[in-house]
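Taken in order, the sequence shown gives residues 1 to 292; the numbers are from my numbering.
Each residue gets a CB set at the ideal place from its N, CA and C atoms; glycine is no exception.
Computed from a prediction, not measured in an experiment: that's the story for all the values here.
Data first, discussion second: the structure below is written as structure tokens.
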Amino acid sequence: MEEKRALLTVSFGTAAEEAWREEIGGVEEALRRRVPELLFARAYTSPTIRRILANRGITIPSLEEALEEQLSAGAERLYLLPTHLLPGYEYDAIAATVESFRPRFRDLRLAPPLMGDTDMVRALAGVLMERWRRLLGQTVVLVGHGTAHPGNLVYPALQGALSLAGRGDILVGTVEGWPGLEELLPVLERQGAERVILAPLLLTAGTHAREDIAGPGPESWKSRLETAERAGGKSCRPRIQVFQRDCHTLHFQRGLRHHVLKLSVFKIRDRVCLVGVLNRRQVFPFCQLIQV
């Protein structure tokens with residue numbers, strides 16, 4: 001009798017319906033197509049997000065509940081694939097839960113996050129360089145979430161991989177970690193870019209993308225760049241362009257799954273890394289998939 005195998009995606013979750021259906025849903029759909037022979041399930045780790053969705057009649061289990069459901073369904077080999085970009089506090093909690101359930105499965109595997117090791121950071125840098133071709137006078141600023149966890153090191157590591165490849169025109173910053181905009185502003189000033197592109201390096205274009213990066217408030221990255229631009233004088237005032245859902249409604253409305261132009265597959269050791277590129281403007285990391 002053939003053993004039952006399943007794939008369980010684990011996300012922090014989002015209460016934004018468009019992001020839930022199209023961005024996280026786009027990840028899940030891409031994975032379904034990649035490994036159609038596996039049964040599919042999902043879990044959200046945020047209790048707040050699950051409660052908000054439950055009030056709307058949408059039930060998504062926690063990781064513990066999803067694992068119990070898989071046991072009840074008779075799954076013997078279970079592959080857990082987090083949609084997280086880095087090994088931070090959320091990933092640590094997922095790993096701890098997986099370890100507590102491991103004895104109850106015949107085989108329980110947890111994939112690392114997208115930037116889980118040096119090879120994957122370098123692979124992502126390669127995709128970024130391919131998608132954001134060098135243009136004279138242009139600087140691309142990718143904005144990640146950031147964290148106080150040591151896993152925040154992946155952001156300067158990604159910047160290092162880009163810089164060593166001679167792509168100092170692509171800068172990496174974070175909303176809640178290091179480097180922040182304060183560290184990037186002097187670099188932008190030295191570069192004297194005529195055009196600055198802000199793009200989220202995030203799974204979902206939620207609050208961080210809409211408010212912290214592109215929002216109208218005085219503390220958003222866009223507003224602060226515009227303030228620095230005005231203070232710099234006409235000779236070094238760049239045009240600032242932001243790529244996120246609100247600015248690209250026509251591109252995003254029909255959903256991520258219809259707009260992935262390329263799905264790059266990097267086979268490294270025993271893993272496969274899937275990196276999707278959205279409209280050649282925003283890199284959308286799907287995550288890593290343990291070879292099955």
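- Counted as a single uninterrupted DSSP element, the beta strand (DSSP E) harbouring G173 occupies residues 170-174.
- Around the Cβ of Y44, a 10 Å sphere holds 16 or more other Cβ atoms; the residue is buried.
- Listed in chain order, the beta strand (DSSP E) runs fully inside the segment 19-104 are 39-44, 77-82, counting runs of at least 3 residues.
- For S11, DSSP records a beta bridge to Y44.
- With at least 16 other beta carbons inside 10 angstroms of its own, L38 counts as buried.
- DSSP places T139 in the strand class (E or B) of the three-state scheme.
- Looking at G177, V187, I170, the one whose alpha-carbon comes closest to that of L198 is I170.
- A residue is called buried when at least 16 other Cβ atoms come within 10 angstroms of its Cβ; N55 does not meet this threshold and is exposed.
- Leaving aside the five residues that flank R122 on each side, the residues in its chain whose CB is nearer than 8 angstroms to its CB run, in chain order, A161.
- Contact between V143 and W221 holds: their C-beta atoms lie close to 6 angstroms from each other, under 8 angstroms.
- Following the DSSP letters along the chain, one finds L108 inside the beta strand (DSSP E) bounded by residues 107-110.
- From the listed residues A16, D92, V10, the smallest Cα separation to F40 is found for V10.
- Of the residues L67, H84, M129, E17, the one whose Cα lies closest to the Cα of F105 is L67.
- Straight-line spacing of the CA atoms in E18 and T204 works out to 9 angstroms.
- Between L80 and L8, the CB-CB gap stays under 8 angstroms.
- In the DSSP assignment, P156 falls outside any beta strand (DSSP E) and lies within the alpha helix (DSSP H) extending over 154-164.
- Cβ-Cβ distances below 7 angstroms link V98 to L80, L108, L110 in the same chain, with the five nearest sequence neighbours on each side left out; the list follows chain order.
- Contact between G26 and I60 does not hold, since the beta-carbon distance rounds to 16 angstroms and is not under 8 angstroms.
- Look at R195 here: in three-state DSSP terms it is strand.
- Counting only the Cα atoms, G146 lies some 10 angstroms from L201.
- Rounded to the nearest whole angstrom, the C-alpha separation of Y89 and L153 is 13 angstroms.
- E3 and E64 have their C-alpha atoms roughly 22 angstroms apart.
- Using a Cβ distance threshold of 8 angstroms, P113 and P150 do not count as a contacting pair.
- Straight across, the Cα-Cα distance linking L188 with T139 is about 8 angstroms.
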